[in-house]
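Residue numbers (this note's numbering): 9 to 342.
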């Protein structure tokens, strides 16, 4: 992945911007992940690292909850572009919180320390409220899927499934704004139907990639590379294709797509091996959290950008580092 990013920073139409992204989204986060992997071999250190990430997520969630509730109270809440703090879009709130929720849910369900479970449960509740108020539909779906995925490893899976279905149905029935936010995607004539906007974006991207299949548009080069290939109806000025595979193809070429798929497969493989070999509740929770991370990455990533931001890249590599450190910890003590 680092090799692919390096190559595409050279072929980018804007090398200065590409080198900045290369450093901020790839080199620094990956280096941080390696350092974290070395630190996280001990549970107390890994727990401290997760606590730090949880504090960051809690701050982001609480600020956006307060901002959204203020907008509701002053009748200025916009369903199409809900108010956000720190970020520029509501989807960014969900994208940042979802990987942390995956680990939080795993600790809540499988942790063997009461304090850890209380902290994890509190964080998940706050993060879920922030994701709900973000009115990110893919965020809602990803959150529900994460709950079901983690619960699938427990004996309460069917109770949790029933609870999610009942809660989702109740919210859909009781809230007109939620119904409108969902049903608008089934109305092709609506000007706020994002699926139509995504289709024109994806078609434009595919047109560009057909002419630049090997390296894509170059790192930080999507917007400039896309212009000659835009289809009629695409009027956005987005800097990424908003699909995880197209994102990496455009930014890092085919090598980058192969690399992120390979990396994800390795994360899943290591997590499954960790589950089988886990001799502690902590190791089991971290393995399930890593699997949840991959689920969130690809599910929300089908219609958005789950990696190409400073915070998302750092959280991604930090959580992988914690997974690797937890796996290596027992080996290092042998």
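For glycine and all other residues, C-beta sits at the position ideal for the given N, C-alpha and C.
Neighbourhood of residue i by C-beta, 7 Å cutoff - its chain only, sequence neighbours within 5 removed
{"i": "residue 17", "result": "23, 26, 27, 30, 227"}
{"i": "residue 265", "result": "253, 256, 257"}
{"i": "residue 241", "result": "208"}
{"i": "residue 48", "result": "54, 57, 329, 330, 333, 334"}
{"i": "residue 103", "result": "308, 312, 314, 320"}
{"i": "residue 41", "result": "325, 326, 328, 329"}
{"i": "residue 187", "result": "180"}
Residues of its chain near residue i, where Cβ-Cβ distance is below 8 Å and the 5 sequence neighbours each way are ignored
{"i": "residue 286", "result": "292, 295"}
{"i": "residue 193", "result": "145, 201, 202, 203"}
{"i": "residue 336", "result": "45, 49"}
{"i": "residue 214", "result": "254"}
Environment of residue i [buried if 16+ CB atoms lie within 10 Å]
{"i": "residue 94", "result": "exposed"}
{"i": "residue 274", "result": "exposed"}
{"i": "residue 280", "result": "exposed"}
{"i": "residue 219", "result": "exposed"}
{"i": "residue 326", "result": "buried"}
{"i": "residue 322", "result": "buried"}
{"i": "residue 177", "result": "exposed"}
{"i": "residue 263", "result": "buried"}
{"i": "residue 167", "result": "exposed"}
{"i": "residue 38", "result": "buried"}
{"i": "residue 251", "result": "buried"}
Rounded separation between residue i and residue j - CA only
{"i": "residue 133", "j": "residue 113", "result": "10 Å"}
{"i": "residue 34", "j": "residue 169", "result": "37 Å"}
{"i": "residue 179", "j": "residue 304", "result": "22 Å"}
{"i": "residue 44", "j": "residue 239", "result": "44 Å"}
{"i": "residue 61", "j": "residue 108", "result": "8 Å"}
{"i": "residue 71", "j": "residue 205", "result": "29 Å"}
{"i": "residue 175", "j": "residue 229", "result": "43 Å"}
{"i": "residue 84", "j": "residue 189", "result": "16 Å"}
{"i": "residue 181", "j": "residue 59", "result": "36 Å"}
{"i": "residue 341", "j": "residue 289", "result": "Confidence at residue 341 is low in this model, with a pLDDT of 44, below 50, so its placement is unreliable and the value that follows should be read with caution. Straight-line Cα distance between these residues: approximately 18 Å."}
{"i": "residue 162", "j": "residue 118", "result": "9 Å"}
{"i": "residue 217", "j": "residue 122", "result": "51 Å"}
{"i": "residue 135", "j": "residue 10", "result": "31 Å"}
{"i": "residue 36", "j": "residue 92", "result": "27 Å"}
{"i": "residue 1", "j": "residue 126", "result": "In the structure displayed, the chain extends from 9 to 342; residue 1 sits before or after that span and is not available."}
{"i": "residue 73", "j": "residue 221", "result": "42 Å"}
{"i": "residue 82", "j": "residue 148", "result": "24 Å"}
{"i": "residue 21", "j": "residue 235", "result": "13 Å"}
{"i": "residue 317", "j": "residue 284", "result": "34 Å"}
{"i": "residue 231", "j": "residue 96", "result": "18 Å"}
{"i": "residue 63", "j": "residue 120", "result": "21 Å"}
Under 7 Å between C-beta atoms of residue i and residue j
{"i": "residue 46", "j": "residue 267", "result": "no"}
{"i": "residue 319", "j": "residue 99", "result": "no"}
{"i": "residue 282", "j": "residue 157", "result": "no"}
{"i": "residue 212", "j": "residue 237", "result": "yes"}
{"i": "residue 111", "j": "residue 297", "result": "yes"}
{"i": "residue 185", "j": "residue 77", "result": "no"}
{"i": "residue 131", "j": "residue 66", "result": "yes"}
{"i": "residue 142", "j": "residue 101", "result": "yes"}
{"i": "residue 276", "j": "residue 302", "result": "yes"}
Member of the options whose CA lies at the smallest distance from the CA of residue i
{"i": "residue 245", "options": "75, 233, 191, 175", "result": "233"}
{"i": "residue 353", "options": "72, 206, 116", "result": "Residue 353 lies beyond the residue range present for the chain, which begins at 9 and ends at 342; the question has no answer from this structure."}
{"i": "residue 138", "options": "68, 126, 162, 80", "result": "68"}
{"i": "residue 271", "options": "125, 317, 324", "result": "324"}
{"i": "residue 172", "options": "152, 214, 89", "result": "152"}
{"i": "residue 15", "options": "260, 40, 89, 118", "result": "260"}
{"i": "residue 124", "options": "269, 52, 316", "result": "52"}
{"i": "residue 310", "options": "210, 231, 21, 284", "result": "210"}
Cβ shell of residue i (< 6 Å), same chain only, five flanking positions each side left out
{"i": "residue 19", "result": "223, 226"}
{"i": "residue 150", "result": "106, 304, 307, 308"}
{"i": "residue 128", "result": "112, 115, 116"}
{"i": "residue 165", "result": "159"}
{"i": "residue 32", "result": "318"}
Within-7 Å CB hit, residue i to chain C
{"i": "residue 147", "result": "No chain C is present in this structure, which holds just one protein chain."}
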